[in-house]
Amino acid sequence: MSKTWHPETIAIRGGRQISDFSEHTQALFMSSSFTYPTAEDASRLFVGEQAGYTYSRTSNPTIAAFEERMAQLEGAERGLATASGMAAIHSTLISLLQNGDHLLSSHSLFGSTSSVVNNMLPRYGIEVTTVNPVDLAAWEAAIQPNTKVLFLETPSNPLGEVADIKALAALAHQHGAVLIVDNCFCTPAVQQPIKLGADISLASATKGIDGHGRAIGGIVCGSNALIEQIWNHVKTAGEIISPFNAWLLSSGLETLFVRLERECANAMALAQWLEQHPKVEKVYYGGLESHPQHELAKQQQRMFGVVVAFEVKGGRKEAWHVVDAVELFSRTGNLGDVKSTITHPYTTTHCRVSEEGKAAAGITEGLLRLSIGLENVADLQADLEQALAGI
Ligand SMILES: *Cc1c(COP(=O)(O)O)cnc(C)c1O
1 MSKTWHPETI
11 AIRGGRQISD
21 FSEHTQALFM
31 SSSFTYPTAE
41 DASRLFVGEQ
51 AGYTYSRTSN
61 PTIAAFEERM
71 AQLEGAERGL
81 ATASGMAAIH
91 STLISLLQNG
101 DHLLSSHSLF
111 GSTSSVVNNM
121 LPRYGIEVTT
131 VNPVDLAAWE
141 AAIQPNTKVL
151 FLETPSNPLG
161 EVADIKALAA
171 LAHQHGAVLI
181 VDNCFCTPAV
191 QQPIKLGADI
201 SLASATKGID
211 GHGRAIGGIV
221 CGSNALIEQI
231 WNHVKTAGEI
241 ISPFNAWLLS
251 SGLETLFVRL
261 ERECANAMAL
271 AQWLEQHPKV
281 EKVYYGGLES
291 HPQHELAKQQ
301 QRMFGVVVAF
311 EVKGGRKEAW
321 HVVDAVELFS
331 RTGNLGDVKS
341 TITHPYTTTH
351 CRVSEEGKAA
361 AGITEGLLRL
371 SIGLENVADL
381 QADLEQALAG
391 I
């Protein structure tokens with residue numbers, strides 16, 4: 001990588017691994033193992049004295065290309081790709097925490113992430129406290145002598161609450177803990193948590209990084225030392241990504257910036273339009289001046305993301321009507337796709353979260369989550385208009 005390259009160039013040309021054939025596009029190495037010229041080479045490869053590949057559960061050139069490109073985009077020393085976003089989250093937390101440690105996290109977490117944090121980790125003897133992500137005083141008050149990790153999503157899913165990454169990084173470091181940010185909703189095209197002080201930026205690459213709804217994958221970026229620790233777990237427990245998925249995700253990155261710029265502009269236009277709609281109670285989008293953390297979002301994000309949440313007047317019946325009546329939006333849980341999607345978080349993505357948990361996170365029965373894609377924004381607006389009109 002040239003030191004002067006801008007992120008848009010890195011997204012296309014960063015981290016390529018080119019073989020002896022001088023292929024122009026990143027090659028797909030579907031090979032479970034790699035051969036060694038001699039017994040001595042094999043022994044040097046296995047103890048790590050020689051760089052190279054041995055077995056694709058450990059590393060693979062196509063995976064390495066994706067990891068290197070992501071690390072450059074996040075401003076990190078090293079990247080590690082995993083089988084899914086959940087594998088990225090689980091492997092990171094389980095590698096950095098052990099029996100007796102305390103994890104301080106947020107109320108507002110993706111449904112499966114909440115299960116890992118609140119149900120699985122306590123079974124391993126890890127203490128967990130969750131707080132309101134935007135309440136800095138609550139984070140500070142919940143720090144314990146054994147707090148090793150602070151972990152959150154910002155903006156949160158689905159309400160887009162924006163937490164102060166710089167302030168949380170300072171708090172974590174003051175207490176000898178690390179700050180992990182789930183950057184799924186933004187991707188590095190919108191926010192670079194490591195540049196704001198976070199130790200690790202991780203994400204489900206299934207979403208905006210792929211961008212075309214094709215592949216499941218995850219990515220963890222951070223310092224050499226932290227990623228080495230997580231990689232030691234991943235390569236042993238087998239949470240590695242498939243080379244095929246890494247190859248798809250690398251190609252997804254090539255259009256990341258143009259996709260996100262247009263999708264965020266579409267999302268902004270729809271959020272503004274929804275906010276003045278008579279059937280809409282409330283709109284949650286960081287780009288709106290009505291958003292409680294609008295100023296902070298402007299400081300730490302380049303744009304405001306693709307997810308717009310809004311509450312229809314009424315409750316579940318009215319929200320389900322909108323889901324059933326849309327003709328262009330896809331009824332599916334994926335987000336960050338070029339195709340716009342709609343979900344009812346209360347009965348889908350957050351259905352396993354307890355009633356109290358949903359109440360604390362502000363997930364009501366009238367709430368809908370949109371992920372805005374690349375369709376013409378007038379068509380998206382017309383579709384929502386006809387769906388809302390039928391309530
Ligand atoms: C989708 C998602 C995950 C989980 O990612 P998978 O790739 O589905 O395993 C984690 N966190 C957030 C914020 C997500 O949106």
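Quick note on the working numbering: the sequence shown kicks off at 1 and runs consecutively.
C-beta: ideal position from N, C-alpha, C; glycine also.
Note that this is a predicted model, so its numbers are computed, not measured.
Beta-bridge pairing of residue i - partner residues as DSSP gives them
i    : result
Y284 : A309
C221 : G79 and S201
S106 : V131
L367 : E311
Y55  : S33
S156 : S156 pairs with nothing; no bridge assigned.
I240 : T82
S330 : T341
Proximal residues to residue i (C-beta, below 6 Å), its chain only, five neighbours per side dropped
i    : result
A98  : The question names Ala, yet the displayed sequence has Gln at residue 98. Excluding positions up to five away in sequence, the list is empty.
R302 : V190
L370 : V308 and I342
R214 : L248
G208 : T187 and G336
Q401 : Because the chain in this structure spans residues 1 to 391, residue 401 falls outside the shown range and cannot be described.
Neighbourhood of residue i by C-beta, 7 Å cutoff - its chain only, sequence neighbours within 5 removed
i    : result
V338 : G211, H212, R259, G373 and L374
G315 : E365 and G366
D164 : L136 and L296
G111 : T349, H350, R352 and V353
M120 : none
A167 : L136
K235 : R57 and T58
H344 : A319, W320, V323 and L368
H233 : S91, I94 and S95
Q144 : H102
Rounded C-alpha distance that separates residue i from residue j
i    : j    : result
E281 : S354 : 24 Å
T35  : S56  : 12 Å
P188 : A39  : 42 Å
I54  : S43  : The sequence as given places Thr at residue 54; Ile does not occur at that position. Whole-angstrom Cα-Cα distance: 11 Å.
A265 : Q229 : 39 Å
A408 : W231 : Past the boundaries of the shown model lies residue 408; the chain is included only from 1 to 391, so the question cannot be answered.
Q192 : I18  : 27 Å
G390 : F329 : 16 Å
D324 : Y285 : 23 Å
P133 : D20  : 49 Å
T82  : A71  : 14 Å
L103 : A177 : 10 Å
V306 : D199 : 25 Å
S33  : S22  : 22 Å
N146 : S105 : 14 Å
S290 : V283 : 9 Å
L274 : A378 : 13 Å
A203 : I194 : 13 Å
I89  : D41  : 35 Å
S242 : G287 : 36 Å
S115 : A138 : 22 Å
G197 : A169 : 5 Å
Q293 : N157 : 15 Å
Alpha helix (DSSP H) segment containing residue i, residue limits
i    : result
E295 : H294 to Q300
I12  : P7 to R13
D41  : A39 to V47
D379 : V377 to A389
N245 : P243 to E254
I165 : I165 to Q174
L96  : G85 to L96
S112 : G111 to S115
R69  : P61 to E74
A361 : E355 to A361
L136 : L136 to A142
Own chain partners of residue i with C-beta closer than 8 Å, once the 5 adjacent residues on each side are dropped
i    : result
A237 : S91
L388 : H277, K279, V280, V312 and V322
I63  : S56, A81, I240, I241, P243 and A246
P7   : L73, P188, A189 and F257
Range of the contiguous beta strand (DSSP E) that encloses residue i
i    : result
K148 : T147 to E153
T343 : T341 to T343
D337 : Counting along the chain, D337 falls outside any beta strand (DSSP E), and DSSP gives it neither H nor E.
D324 : It is not in any beta strand (DSSP E) - D324 instead sits in the alpha helix (DSSP H) that spans R316 to A325.
L408 : Absent from the structure is residue 408, since the part of the chain shown begins at 1 and ends at 391.
Proximity test, residue i beta-carbon vs ligand 2 heavy atom, cut-off 6 Å
i   : result
F34 : Ligand 2 is absent from the structure shown, which contains only ligand 1.
Chain B within 7 Å of residue i, Cβ atoms only
i    : result
L104 : In the displayed structure, chain B is absent; only one protein chain is listed.
Taking 8 Å as the threshold, find out whether the stretch 247 to 262 comes into contact with the stretch 96 to 112 through three or more Cβ pairs. no
How do the stretch 74 to 84 and the stretch 220 to 229 stand: do at least 3 beta-carbon pairs fall below 8 Å, yes or no? yes
Would you check if the stretch 179 to 188 and the stretch 151 to 165 touch, i.e. whether three or more CB-CB distances between them fall below 8 Å? yes
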